[in-house]
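The listed protein sequences derive, respectively, from chains A and B. Under the numbering used here, the residue at position 179 of the first sequence is numbered 186, and the numbers go up by one with no gaps. Under the numbering used here, the residue at position 45 of the second sequence is numbered 52, and the numbers go up by one with no gaps. We treat Cβ as the ideally placed atom computed from N, Cα and C, and that holds for glycine. Quick caveat: nothing in here was measured; it's all calculated off a predicted structure. Below you'll find the structure, written out as structure tokens, and then a few comments.
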Amino acid sequence: MDRNRKLLISILALLVLSSVIAIVDISMNMQQKHGMGISLTGPPVGPGVGVVRIEGPIQLNGIQSPFGGMPSAEQVIRRLNELEQNGDIRAIVVRINSPGGTVGATQEIYEKLWRLRKKNIPIIASMGEIAASGGYYIASACNVIVANHGTITGSIGVIAMSPNLRGLFEKLGISMTVIKSGRYKDILSAFREISPEERQLIQEIIDSSYRKFLKDVARGRQMSESDLEPIADGRVMGGESALKYKLVDALGTFEDALDKARQLSKLSEDAPVYDETRTPFEQLLFDIGGRFTGQGITVPDPRGLQFENSYRVEYRCVQ
Amino acid sequence: MILNELKSLRWADLLLYSLLDPRSLYRQINRNEPKAFTLSFVMPAIVAIVEILTLSLLGKQTPFFYYKVTYGWILLFLCQALASMIAASLMDMASQFFGWKGNIREFIILINFSLFPRVFILPLVYIFRVFNFAPLFFHAFFSLGLLVWSALVVIQGVSEMHSCNFGKATLVFLFPAILIGTTLFFMMILLAICGIGYISI
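Here you go:
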């Protein structure tokens, strides 16, 4: 039995040896791949740049699902408040990837950014694929606008749309019974032609919103309204044209925008960035949510689903 | 006293029997000489670290390894020990269905020692990794082989414990797997139905 015991001890010793060799092997492989081996990168600390992301159509209440959703104007403002109250935030980069949205929601974000700008917090807009109409309106509140060469921007203007289904309803033999308290209560109804008076009323809202748009952009860009007016005809433009017409200050990427923010706030080159990115788990849930609710890579247009509420005045680039 | 016990190398008999003669292993456990209950939990601890090392050798080697080998090892050991205790309880329950006397303490010891053959996964897989000859395939192959070896240790131990034939001992051994497997299967189906219902409504 003693001989067997010694044999077993030898086996155990070999097992221990193979374990030690395995640990050394793994550690050496890691050192070759990762240099110092252990790299403990903690969460960012100290003065830095805060990031706010505005993605998809701008609405006061975003599209929500149990797994997340598109950020609403209220969420953006909440995020801006958080950054404002955080003593470590010296500059803010607003990452915009939006074709615009409702007038009220856009103006709320614009005003919030303007208040921050007045408090001498450097704000830099970084445009993604698209920052048109309401997306540009928001960007104009920032001190500096950085656009990519291929960014679609501009589209300064206001739009209100309503489908006219009268012909279809007549074909189908459907008529709508409307009981209303005033002559304009069913303005922009999809079941009849719009009257000249109604058109005039809507046009007044459009004109008023347009003047406000023009005034705010001119204020943000420190331009005169007369200089801005010739290009504020709803036209979209690429990054290069926008730079030519002084709608943006520089062409560059998100990284360039961060560098500019650090530079304006006199932060070091490696100052931390406080982003609101999703964790991989949140991203997974968001993707699953999108799949189950039929949301694809492109942003859904909620108007397509909301027939009843089909008229709204928007700072929006029609795609 | 513990040192004397260690020096006596009587504990080595338990390991040796768990490899070569499971019936003798049970007889040794039954004699309670040396006291094997606490000692048996060394096995899940060793198996946990060996499995972490083996998988780390085969997988992507990142600094996360240090977390795996410290905190991860304790976590895996606790999971393994808990699994042993649950399996022992269910096997004991199955034994009592057959009209045998309950003996959960010896079941826990037997199951813990039956894990011992699994420590050979590291040297076996290491050889194939060094030569870079289908290490993942051989990891799966040896894992299955060693699992069968562990199962045989338990089955023979149970057969010796209750003086029953190999078939009945196999039934006792499979009972936890069948019960847990069936329960989890239905739980997963019901969870998936509820989950899809929640998301789609």
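Beta strand (DSSP E) runs contained entirely in the segment 239–272 of chain A, provided each spans 3 or more residues: none
When B:128, B:84 and B:100 are compared against residue 178 of chain B, the one with the closest alpha-carbon: B:100
Under 7 Å from the C-beta of residue 29 of chain A: neighbouring residues of chain B: Residues of chain B whose Cβ lies closer than 7 Å to the Cβ of residue 29 of chain A are, in chain order, 60, 64, 129 and 133.
Closest by C-alpha distance to residue 175 of chain A, when choosing among A:167, A:164 and A:200: A:200
Residue nearest to residue 146 of chain B in terms of C-alpha spacing, selected from B:28, B:44, B:61 and B:52: A check of alpha carbon separations from residue 146 of chain B across B:28, B:44, B:61 and B:52 identifies B:61 as the nearest.
Residue 25 of chain A: contacting residues in chain B (beta-carbon distance under 8 Å): Result: 129, 130 and 133.
Residue 100 of chain A (DSSP reduced to helix, strand or coil): strand
Cutoff 8 Å: residue 234 of chain A Cβ touching any chain B Cβ: no
Contacts around residue 257 of chain A, its chain only, beta-carbon distance under 6 Å, and the 5 residues preceding and following it disregarded: 153
Proximity test, Cβ basis, 8 Å: residue 22 of chain B and chain A: For residue 22 of chain B, a Cβ of chain A is located within less than 8 Å of the residue's own Cβ.
Beta-carbon neighbours of residue 12 of chain A, restricted to chain B and to distances below 8 Å: 16, 19, 20 and 23
Interface flag, residue 77 of chain B vs chain A, CB-CB below 8 Å: Judged by the 8 Å Cβ criterion, residue 77 of chain B is not in contact with chain A.
Distance between residue 83 of chain A and residue 102 of chain A (C-alpha atoms, nearest Å): 11 Å
Cβ-based neighbour list, residue 96 of chain B, same chain, cut-off 7 Å, excluding 5 preceding and 5 following: Hits under 7 Å: 111.
is_contact[residue 309 of chain A, chain B] using C-beta, thresh 8 Å: Residue placement at residue 309 of chain A is flagged as unreliable, the pLDDT there being 41, under the threshold of 50; the coordinate-derived value follows with that caveat. It does not: the Cβ of residue 309 of chain A has no partner Cβ on chain B nearer than 8 Å.
Spatial distance of residue 113 of chain B from residue 186 of chain B (CA atoms): 21 Å
Whether residue 124 of chain B touches residue 157 of chain B by CB criterion (8 Å): yes
Contact list for residue 126 of chain B against chain A, beta-carbon separation under 8 Å: Under the 8 Å cutoff, chain A gives 22.
Contact belief for residue 10 of chain A with residue 19 of chain B at Cβ below 8 Å, rounded distance in angstroms: That pair is no contact at about 11 Å.
Validate contact between the segment 137–144 of chain A and the segment 93–107 of chain A using beta carbons, cut 8 Å, 3 pairs: yes
Residues that DSSP places opposite residue 139 of chain A in a beta bridge: A:161
Extent of the continuous beta strand (DSSP E) run through residue 185 of chain A: Element bounds for residue 185 of chain A: n/a, residue is neither H nor E.
Neighbour flag for residue 89 of chain B against chain A, beta carbons, 8 Å: no
Supposed close pair residue 133 of chain B, residue 29 of chain A - CB separation, criterion 8 Å: Yes, residue 133 of chain B and residue 29 of chain A are in contact; Cβ-Cβ is about 7 Å, under 8 Å.
Cβ-based neighbour list, residue 84 of chain B, same chain, cut-off 6 Å, excluding 5 preceding and 5 following: Once the five neighbours on either side are set aside, the close Cβ partners of residue 84 of chain B are 51, 52 and 55.
Those runs of the alpha helix (DSSP H) which lie wholly inside the segment 113–184 of chain B and span at least 4 residues: 128–137 and 142–169
Residue 194 of chain A, enclosing alpha helix (DSSP H) - first and last residue: First-last for residue 194 of chain A: undefined, no H or E at that position.
Outcome for residue 39 of chain A when other beta-carbon atoms lying within 10 angstroms are tallied against a minimum of 16: It counts as exposed.
Of the listed residues B:121, B:86, B:120 and B:69, nearest to residue 32 of chain A (C-alpha basis): B:69
Rounded separation between residue 119 of chain A and residue 87 of chain A - CA only: 8 Å
Residue 173 of chain A (DSSP reduced to helix, strand or coil): helix
Beta-carbon spacing of residue 241 of chain A, residue 159 of chain A below 8 Å: no
Same chain, Cβ closer than 6 Å to residue 47 of chain B, neighbours up to 5 away in sequence not counted: Within its own chain, the residues whose Cβ lies closer than 6 Å to the Cβ of residue 47 of chain B, once the five positions on either side in sequence are excluded, are 116, 119 and 120, listed in chain order.
Supposed close pair residue 345 of chain A, residue 147 of chain A - CB separation, criterion 8 Å: Beyond the ends of chain A as shown, which are 8 and 326, falls residue 345 of chain A; an answer cannot be given.
Through-space distance from residue 122 of chain B to residue 97 of chain A, alpha-carbon basis: 58 Å
Below-8 Å beta-carbon distance, residue 15 of chain A vs any chain B residue: yes
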